[in-house]
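Structure record follows, encoded as structure tokens.
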Amino acid sequence: MGKGGASSIVTREEDFPRWYQEVVARAEMAENGPARGTMVIRPWGYGIWELMQAEIDRRIKEAGAENAYFPLFIPESYLKLEAEHVEGFAPELAVVTHGGGKELEEPLVVRPTSETVINSFFSKWIQSHRDLPMLLNQWANVVRWEMRPRLFLRTTEFLWQEGHTAHATEEDARAYALRILEDVYRSTVVDFLGIPTLTGHKTARERFPGAICSWTCESMMGDGKALQMCTSHELGQNFAKVFDTTYANAQGTLDYVWQTSWGMTTRLVGALVMAHGDDFGLRLPPAVAPAQVVVLVVKEDAAVGEAAASLCAELRAAGHRVRLDDRTDTSFGRRSVAWELKGVPVRVEVGPRDLAEGNVTVVVRHRREKKSVPLAGVRAEVATTLADVSRELLAEATAFRDARTADVGTFEEAVEAGSVGFARVRLGALGPDGEDRLAQHALTVRCLQRPDGALAGPGDAEQDLFAVVGRSY
RNA sequence: CGGGCUGUGGCGCAGCUUGGUUAGCGCGCUUGACUGGGGGUCAAGAGGUCCCGGGUUCAAAUCCCGGCAGCCCGACCA
474 MGKGGASSIV
484 TREEDFPRWY
494 QEVVARAEMA
504 ENGPARGTMV
514 IRPWGYGIWE
524 LMQAEIDRRI
534 KEAGAENAYF
544 PLFIPESYLK
554 LEAEHVEGFA
564 PELAVVTHGG
574 GKELEEPLVV
584 RPTSETVINS
594 FFSKWIQSHR
604 DLPMLLNQWA
614 NVVRWEMRPR
624 LFLRTTEFLW
634 QEGHTAHATE
644 EDARAYALRI
654 LEDVYRSTVV
664 DFLGIPTLTG
674 HKTARERFPG
684 AICSWTCESM
694 MGDGKALQMC
704 TSHELGQNFA
714 KVFDTTYANA
724 QGTLDYVWQT
734 SWGMTTRLVG
744 ALVMAHGDDF
754 GLRLPPAVAP
764 AQVVVLVVKE
774 DAAVGEAAAS
784 LCAELRAAGH
794 RVRLDDRTDT
804 SFGRRSVAWE
814 LKGVPVRVEV
824 GPRDLAEGNV
834 TVVVRHRREK
844 KSVPLAGVRA
854 EVATTLADVS
864 RELLAEATAF
874 RDARTADVGT
884 FEEAVEAGSV
894 GFARVRLGAL
904 GPDGEDRLAQ
914 HALTVRCLQR
924 PDGALAGPGD
934 AEQDLFAVVG
944 RSY
């Protein structure tokens with residue numbers, strides 16, 4: 474896989490190339506022992522994450538939740554209270570057994586998720602129906618000692634937001650879980666990142682340990698494999714019962730609360746890379762581009778330097794994130810390739826030859842298209858181009874996904890279509906042990922939805938829902 | 001825990017089958033010159049316990065024995 478790339482180099486996780494690791498993130502190994510798949514996010518990659526984080530945080534607040542912060546360490550006994558929860562997480566816990574030079578009386582678990590600690594506080598904080606709904610979110614890092622870590626997609630430690638809410642009724646809890654799914658998650662993925670996604674809920678087999686229903690957004694990466702972009706769980710009263718989280722209702726009797734939890738992670742950065750990347754590097758929607766425009770000085774020259782600086786100022790005044798690259802001690806070719814790899818949506822190249830005619834070159838990254846633009850027209854050109862990028866990336870990714878999605882009627886057809894993309898098939902058509910048999914072909918049911926793609930409701934018969942079948946990361 | 005595979009300058013690798021000059025190559029790095037409109041050219045240079053231990057041999061990166069470490073595939077999963 475040489476320079477310029479022959480095959481898809483960033484659209485498949487297996488092929489995250491070294492240059493990409495130099496730009497966005499790097500997997501690191503523990504000093505001793507097996508690789509634990511921790512990750513260092515480099516400044517450019519972190520800049521992408523920060524922009525996503527700000528957007529997600531804004532939407533969460535719009536949905537009424539407030540940020541809070543809970544401890545990193547959780548007493549082991551908390552995890553053990555909810556049977557399914559402990560069974561689901563026990564194999565992947567990092568456990569602290571010593572502190573202050575002594576063995577601890579009770580081991581502490583490094584949080585894999587915070588349902589249990591937060592519930593220990595909910596049970597104290599929630600007394601009356603007037604305290605409900607309680608809507609909290611925290612930005613935190615969590616640790617899951619997974620068997621097989623993958624850069625961005627499944628790292629041992631990762632950053633996320635986890636929302637935790639308590640409601641008076643099951644209907645309220647469900648409505649809120651769905652509101653998060655739609656207004657925060659689906660909208661962020663589609664409208665903000667330009668990645669098409671399918672929404673639905675998980676089968677019992679794929680459900681979050683401790684939940685009664687797990688909602689999800691499933692997207693297709695550039696190699697046809699599926700990636701879960703987020704989850705929004707209805708927890709029922711499972712945690713309320715073990716933590717005794719009760720409230721006095723309007724009639725004065727005690728009820729258990731109904732709860733939700735939901736999360737979105739740094740995995741999204743990986744998803745962005747794999748959904749939009751091409752053989753020449755990243756392609757970033759302007760919304761998540763740390764620099765939306767880079768103004769390049771082609772060659773050391775007084776007039777060029779002046780023109781570049783004034784273009785920068787003009788574009789910044791127009792509200793764009795602009796970076797000036799006047800490092801003329803590095804060759805122009807090298808610098809332009811570096812910005813291309815980083816996925817900067819628009820490059821404005823100022824060189825003496827064009828400038829003599831009053832022009833600059835504007836390069837549109839995602840189309841790999843360049844044109845000569847008069848100085849006075851740069852501002853308008855950049856503005857209209859930036860406005861198009863996200864929509865065009867979304868259209869491209871949607872066309873790709875649709876071309877790789879097939880509605881089918883039998884198990885065999887589902888295996889065939891699911892192996893290269895998504896197969897949509899009636900769950901009942903897969904047979905009683907359909908999921909086990911799919912697993913033998915490395916396939917899973919990514920989500921369930923109605924035949925028209927809508928979310929299922931309480932009245933739907935599960936066997937009549939459509940299963941989206943695919944390979945997953 | 002099963003099934004494959006690999007350890008050689010900073011990174012990626014060739015050499016090992018069939019032992020034999022001074023262990024090579026690409027990328028990166030340093031210096032200089034020419035350059036500069038797409039990871040440019042030329043020249044000079046720095047950088048090596050060939051994973052570790054033992055054995056065979058006149059001679060081991062190469063063959064034999066024993067360790068150690070890591071990677072990939074499956075089970076886990078945001």
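Numbering (our numbering), first residue to last: 474 to 946. The C-beta atom is built at its ideal place from N, Cα and C for all residues, glycine as well. The structure presented is a predicted model; accordingly, all values stated were derived computationally and were not measured.
Reduced DSSP category for residue i - H, G, I as helix; E, B as strand; rest coil
| i | result |
| --- | --- |
| His602 | helix |
| Glu504 | Note that Glu504 scores a pLDDT of 37, beneath 50, so its modelled location is shaky; the value from the coordinates is reported in the next line. Note: Glu504 maps to coil in three-state DSSP. |
| Pro548 | strand |
| Glu947 | The displayed coordinates of the chain run from 474 to 946. Any statement about residue 947 would go beyond what the structure contains. |
| Lys844 | strand |
| Val821 | strand |
| His571 | strand |
| Asp933 | coil |
| Leu828 | helix |
| Val513 | strand |
| Leu700 | strand |
| Arg754 | Strictly speaking, residue 754 in this sequence is Gly, with Arg absent from that position. It is a strand residue. |
| Arg499 | strand |
| Arg623 | strand |
| Ser587 | coil |
| Val763 | Sequence check: residue 763 is Pro here, not Val. Correct three-state label for Pro763: coil. |
| Asp861 | helix |
| Arg659 | helix |
| Phe873 | helix |
| Leu666 | coil |
Endpoints, beta strand (DSSP E) assigned at residue i
| i | result |
| --- | --- |
| Trp688 | Cys686 to Met693 |
| Met607 | Met607 to Val616 |
| Thr917 | Thr917 to Gln922 |
| Gly943 | Phe939 to Gly943 |
| Glu909 | Checking the sequence, you will find Asp at residue 909 rather than Glu. Per DSSP, Asp909 belongs to no beta strand (DSSP E); it is in the alpha helix (DSSP H), Gly907 to Ala912. |
| Thr878 | Thr878 to Asp880 |
Residue i to residue j span [Cα, whole Å]
| i | j | result |
| --- | --- | --- |
| Met747 | Gly573 | 44 Å |
| Ile521 | Ile668 | 15 Å |
| Cys920 | Ala896 | 11 Å |
| Val768 | Val513 | 28 Å |
| Gly894 | Cys690 | 16 Å |
| Val759 | Leu784 | According to the sequence as given, residue 759 is Pro; it is not Val. Between Pro759 and Leu784, the C-alpha separation is close to 18 Å. |
| Leu928 | Val810 | 43 Å |
| Lys815 | Gly907 | 43 Å |
| Ala508 | Val835 | For Ala508, the pLDDT reaches just 43, beneath the cut-off of 50, and the residue's location in the model is therefore unreliable, although a value from the coordinates is still provided. Distance between the alpha carbons of Ala508 and Val835 is about 44 Å. |
| Ser804 | Val795 | 21 Å |
| Ala650 | Ala780 | 52 Å |
| Asp937 | Glu885 | 18 Å |
| Asn614 | Leu755 | 26 Å |
| Glu579 | His571 | 9 Å |
| Arg627 | Trp618 | 10 Å |
| Leu914 | Glu813 | The displayed chain sequence assigns His, not Leu, to residue 914. His914 and Glu813: Cα-Cα distance of roughly 38 Å. |
| Val777 | Val941 | 55 Å |
| Thr704 | Gln634 | 11 Å |
| Arg451 | Tyr493 | Lying before the first or after the last residue shown, residue 451 is absent from the chain, which here runs from 474 to 946. |
| Gly926 | Gly510 | 36 Å |
| Met607 | Arg740 | 27 Å |
| Ala744 | Leu700 | 7 Å |
| Ala527 | Gly891 | 35 Å |
| Ala786 | Asp802 | 23 Å |
Those residues which DSSP pairs with residue i across a bridge
| i | result |
| --- | --- |
| Asp798 | Leu769 |
| Asp728 | Tyr720 |
| Trp735 | Gly636 and Ser705 |
| Val835 | Val821 and Lys844 |
| Leu671 | Glu691 |
| Glu630 | Val616 |
| Phe895 | Thr878 |
| Glu539 | Leu609 |
Extent of the continuous alpha helix (DSSP H) to which residue i belongs
| i | result |
| --- | --- |
| Pro516 | Pro516 to Glu535 |
| Ala811 | Phe805 to Lys815 |
| His558 | Ala556 to Phe562 |
| Arg740 | Arg740 to His749 |
| Leu788 | Ala775 to Ala790 |
| Ala650 | Glu643 to Arg652 |
heavy atom of the ligand HEM below 7 Å from residue i C-beta
| i | result |
| --- | --- |
| Thr738 | Within the structure as shown, the ligand HEM is missing, as the structure has no ligands at all. |
Report yes or no: do the region 866-874 and the region 740-757 share at least 3 C-beta pairs separated by less than 8 Å? The region 866-874 is in contact with the region 740-757.
Touching or not, the region 581-594 and the region 533-550, by the rule of three or more beta carbon pairs under 8 Å? Segment contact: the region 581-594 against the region 533-550, three or more CB-CB distances shorter than 8 Å; contact assigned.
Any contact of the region 719-731 with the region 691-700, i.e. 3+ C-beta pairs under 8 Å? The region 719-731, when compared against the region 691-700, does not touch it at the 8 Å Cβ threshold.
Would you check if the region 668-683 and the region 635-645 touch, i.e. whether three or more CB-CB distances between them fall below 8 Å? With the cut-off at 8 Å, the region 635-645 and the region 668-683 do not touch.
Are there three or more Cβ pairs, one per stretch, closer than 8 Å when the region 858-867 is compared with the region 824-841? Yes, they touch.
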